[in-house]
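One structure below.
Numbering (the numbering used here), first residue to last: 15 to 97.
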């Protein structure tokens with residue numbers, strides 16, 4: 015059995031290659047007013063995208079916010095980090 019810690023991070027900027035290496039079961043929550051595209055999947059404000067992957071991820075994905083600068087960029091990612 016693995017032991018891990020719950021980690022939560024706030025993403026406010028675009029990333030062409032956001033690293034998922036070492037994460038288990040990442041969940042993205044769009045708490046801002048700007049829509050955001052995560053690896054081709056569009057998340058409107060208030061939406062959540064969960065990845066059920068009971069394995070340690072190794073890849074990276076693009077994260078792109080809508081270009082409207084009047085909107086708030088507030089994407090949370092929560093995941094398990096193995097210790």
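Even for Gly, the Cβ is constructed at its ideal location relative to N, Cα and C.
Beta-carbon gap between residue i and residue j smaller than 8 Å
{"i": "residue 16", "j": "residue 50", "result": "no"}
{"i": "residue 52", "j": "residue 75", "result": "yes"}
{"i": "residue 65", "j": "residue 36", "result": "no"}
{"i": "residue 85", "j": "residue 46", "result": "yes"}
Burial state of residue i (16 or more Cβ within 10 Å)
{"i": "residue 68", "result": "exposed"}
{"i": "residue 48", "result": "buried"}
{"i": "residue 87", "result": "buried"}
{"i": "residue 20", "result": "exposed"}
CB-CB length for residue i against residue j, believed under 8 Å
{"i": "residue 44", "j": "residue 92", "result": "Not confirmed; about 13 Å, so no contact."}
{"i": "residue 25", "j": "residue 77", "result": "6 Å"}
Whole-angstrom distance between residue j and residue i, CA atom to CA atom
{"i": "residue 57", "j": "residue 72", "result": "23 Å"}
{"i": "residue 30", "j": "residue 54", "result": "12 Å"}
{"i": "residue 34", "j": "residue 40", "result": "8 Å"}
{"i": "residue 42", "j": "residue 94", "result": "13 Å"}
Beta strand (DSSP E) runs wholly inside the region 25-72, at least 3 long, in chain order: 29-33, 37-44, 50-52, 55-57 and 62-64
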